[in-house]
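Here the protein sequences come in this chain order: G and Y.
If you count by this note's numbering, then the first sequence holds residues 247 to 537, one letter each, in order.
If you count by this note's numbering, then the second sequence holds residues 2 to 273, one letter each, in order.
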Amino acid sequence: MQRVILIAIPYAWLLALFLIPFVIVFKISLSDIALAIPPYTPTLDDGVGPFFRALDFENFAFLMSDDLYWKAYLSSLRIAVISTLLTLLVGYPVAYAMARAPEEWRATLMMLVILPFWTSFLIRVYAWMGILSQEGFLNQFLLWTGVIGEPLTILNTTTAVYIGIVYTYVPFMILPIYAALDRLDGSLIEAAEDLGCSRLQAFWLVTVPLSKNGIIAGSFLVFIPALGEFVIPSLLGGSGTLMIGKVLWEEFFNNRDWPVASAVAVILLLLLIVPIILFQRNQQRQAEAEG
Amino acid sequence: MTRLSWFNVTSLTLGFAFLYLPMVILIIYSFNASQLVTVWAGFSTRWYGELLQNEAFLDAAWVTIKVAVLSSTIATVLGTMAAYVLVRAGRFLGRTLFSGMIYAPLVMPEVITGLSLLLLFIGIGLDRGVLTIVLAHTTFSMCYVSVVVSSRLMSFDRSLEEAALDLGCSGFDAFRLVTLPIIAPAVISGWLLAFTLSLDDLVIASFAAGPSATTLPIKIFSAVRLGVSPEINALSTIMIGIVTVGVISASLISKHRTLRQRQEEQAAARAA
Chain G
247 MQRVILIAIP YAWLLALFLI PFVIVFKISL SDIALAIPPY TPTLDDGVGP
297 FFRALDFENF AFLMSDDLYW KAYLSSLRIA VISTLLTLLV GYPVAYAMAR
347 APEEWRATLM MLVILPFWTS FLIRVYAWMG ILSQEGFLNQ FLLWTGVIGE
397 PLTILNTTTA VYIGIVYTYV PFMILPIYAA LDRLDGSLIE AAEDLGCSRL
447 QAFWLVTVPL SKNGIIAGSF LVFIPALGEF VIPSLLGGSG TLMIGKVLWE
497 EFFNNRDWPV ASAVAVILLL LLIVPIILFQ RNQQRQAEAE G
Chain Y
2 MTRLSWFNVT SLTLGFAFLY LPMVILIIYS FNASQLVTVW AGFSTRWYGE
52 LLQNEAFLDA AWVTIKVAVL SSTIATVLGT MAAYVLVRAG RFLGRTLFSG
102 MIYAPLVMPE VITGLSLLLL FIGIGLDRGV LTIVLAHTTF SMCYVSVVVS
152 SRLMSFDRSL EEAALDLGCS GFDAFRLVTL PIIAPAVISG WLLAFTLSLD
202 DLVIASFAAG PSATTLPIKI FSAVRLGVSP EINALSTIMI GIVTVGVISA
252 SLISKHRTLR QRQEEQAAAR AA
């Protein structure tokens, strides 16, 4: 009896507040927009038969035909892929250096990587607004050093979005790579060097393949949230930066088109299912390899 | 390896400069006397004073703390239950669905979670306010709690629980007297994680909040959309300060505790 209650309470909570809401999103994505409260039709008040007959894939057809959505999906994918690669480029050397640092530093370095996690995400993105703006800190600095003659426009461009994503998600990249490099047996690299590898060759042929799991885990941890990102493109990006999270938000709050917003959400979810499943598989394989 | 090569020193320096400089700049400029956020006009705490008089921000801060305390507490109870079910309850009908529902919210884009919850609240006619934000935050943070707690549950020695049961404890007593004290550190860190997730959340709260309740992130977001403001710099500095003090003291306390534990163990070993 105790066992049943123990299972039932969290189960019921998740069903009611996680699964059922999704069913509702899916249902509304098949509905039509209406001038009513709530602003879509049909509702179950119309009766069960007419309710199901009134559902159709019109919104999805609309998303297909309007190239705004295509562009937004593609550009989200592109931004997520490129920023994942950039995060890897920034994160790997830091993780590598942390794994090579003296034993007594490592706990402190770890804490320094984790500390930004606890700081408000919004504030960390906001901090870049003051740095990247026309008369911001970066432009002032570059003008002062004489590298540039006139201020660069960085804020409200896609470049600023890349900087924002790399900045906020780089700890997610550093931690799994560090964990992989930390376990790496140093004698393997020595062996490679003894056998005639140069340091760079040893790095490419031994270190990188052995940290592969960390790289894969880190990349997914950056890619998945970056794809649906809303705050970064809306604060740092400009009107030219199309990202699907932002489109969904605007469709819902500005245009009040709930059926189309729901259809956008359903497709975003479909886009994410493949990387999420791949990520789960990778984690499982790793767990099995260690266990 | 005891000495770092110049390459590693450079990457550490640049990496941490990248992570910390933006926040340092933000903090410095929060003490700027000028209204123009990019021109330095001398040291002043003017913006902190104005912030403390800003009723709207104080109200929002109060709502945020209330929501965070409530949602992280409920999430800790539910998440610990869920972790216990996942690790200990064995097979039951719909177990795959259950574990799927625990892991899915961790990777779900916030816009989708927020949208779906809002549609639910409207569908059942629940007025949006503090209650709906608490429900929304509890739902996603209980999943984080259950991941943290279940990793601790998996790593501990089950025979301790079995011994308690053999010695006549009821299932609940065995949990209360044996399991809970052992997993307590994970439960506490789960609570802290849920608390910060709730404090930090903008997107889900924006969907779940009605006109009657605004949280601090929503307030900050609508203010910074218009550009950088010195008041927000001051507010950010306060928030960064609280988090830094909290995290550092938490890690010092846990370090102290492990040291003391080690000393006690050594003393016990000597006594024996």
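The C-beta atom is built at its ideal place from N, Cα and C for all residues, glycine as well.
Neighbourhood of residue i by C-beta distance below 7 Å, restricted to the same chain and skipping five residues each side
i	result
M2 (chain Y)	In this prediction, M2 (chain Y) has a pLDDT of 46, which is less than 50 and means its spatial position is unreliable; what the coordinates show is noted afterwards. Excluding sequence neighbours, M2 (chain Y) sits near nothing in its chain.
K317 (chain G)	L488
D202 (chain Y)	H138 and P218
Environment of residue i [buried if 16+ CB atoms lie within 10 Å]
i	result
R346 (chain G)	buried
F8 (chain Y)	exposed
E381 (chain G)	exposed
V146 (chain Y)	buried
K492 (chain G)	buried
P455 (chain G)	exposed
A175 (chain Y)	buried
L98 (chain Y)	exposed
P186 (chain Y)	exposed
Y21 (chain Y)	exposed
H138 (chain Y)	buried
N500 (chain G)	exposed
V250 (chain G)	exposed
I490 (chain G)	buried
S277 (chain G)	buried
R261 (chain Y)	exposed
Neighbour flag for residue i against chain Y, beta carbons, 7 Å
i	result
P397 (chain G)	no
I409 (chain G)	no
S366 (chain G)	yes
L228 (chain G)	In the structure displayed, chain G extends from 247 to 537; residue 228 (chain G) sits before or after that span and is not available.
G376 (chain G)	yes
Y286 (chain G)	no
F383 (chain G)	yes
Q248 (chain G)	yes
I470 (chain G)	yes
R346 (chain G)	yes
F268 (chain G)	yes
F449 (chain G)	no
F272 (chain G)	no
Cβ pair residue i, residue j closer than 7 Å
i	j	result
T238 (chain Y)	S31 (chain Y)	yes
V135 (chain Y)	L71 (chain Y)	yes
V204 (chain Y)	I470 (chain G)	no
R231 (chain Y)	W48 (chain Y)	Residue 231 (chain Y) is actually Pro in this sequence, not Arg. Cβ distance < 7 Å, so P231 (chain Y) and W48 (chain Y) count as in contact.
I270 (chain G)	G124 (chain Y)	yes
F476 (chain G)	W450 (chain G)	no
M419 (chain G)	G337 (chain G)	yes
V468 (chain G)	Y415 (chain G)	yes
G80 (chain Y)	G191 (chain Y)	yes
I241 (chain Y)	T365 (chain G)	yes
Residue-level contact to chain G via CB, residue i, 7 Å cutoff
i	result
T81 (chain Y)	no
V188 (chain Y)	no
L178 (chain Y)	no
V149 (chain Y)	no
M155 (chain Y)	no
D201 (chain Y)	yes
S237 (chain Y)	yes
N9 (chain Y)	yes
L274 (chain Y)	What is shown of chain Y runs 2 to 273, which leaves residue 274 (chain Y) out entirely.
I254 (chain Y)	no
Residue of the options minimising C-alpha distance to residue i
i	options	result
G101 (chain Y)	G:L482, G:G474, G:L261 and G:S444	G:L261
L227 (chain Y)	G:G376, G:Y413, G:D302 and G:I462	G:G376
F498 (chain G)	Y:S207, Y:A268 and Y:K256	Y:S207
R531 (chain G)	G:P362, G:L389, G:A463 and G:T405	G:A463
V407 (chain G)	G:D278, G:S485 and G:V510	G:S485
F1 (chain Y)	G:L451, G:S465, G:P521 and G:L482	No answer is possible for residue 1 (chain Y): it lies beyond the span of chain Y, which begins at 2 and ends at 273.
F308 (chain G)	G:V294, G:L517, G:P505 and G:P521	G:P505
F367 (chain G)	G:F306, G:P417, G:P288 and G:T403	G:P417
A437 (chain G)	G:I423, G:T453 and G:Y424	G:T453
L378 (chain G)	G:A353, G:T405 and G:R299	G:T405
V149 (chain Y)	Y:M82, Y:L132, Y:I66 and Y:G130	Y:M82
F58 (chain Y)	Y:G169, Y:A272, Y:L193 and Y:A235	Y:A235
R502 (chain G)	Y:L154, Y:Q54 and Y:L119	Y:L119
V112 (chain Y)	G:E534, G:A507, G:P521 and G:L517	G:A507
R324 (chain G)	G:I253, G:L384, G:Y286 and G:G474	G:G474
Spatial neighbours of residue i in its chain, beta-carbon cut-off 6 Å, leaving aside the 5 residues before and after
i	result
A472 (chain G)	A326, S329 and I411
A76 (chain Y)	T139, S142, M143, V146 and A195
N459 (chain G)	A426 and Q532
I183 (chain Y)	F157
Sequence-distant residues of its chain with Cβ nearer than 8 Å to residue i (five each side left out)
i	result
L524 (chain G)	F466
Interface partners of residue i on chain C, CB under 9 Å
i	result
G483 (chain G)	Of the protein chains in this structure, namely G and Y, none is chain C.
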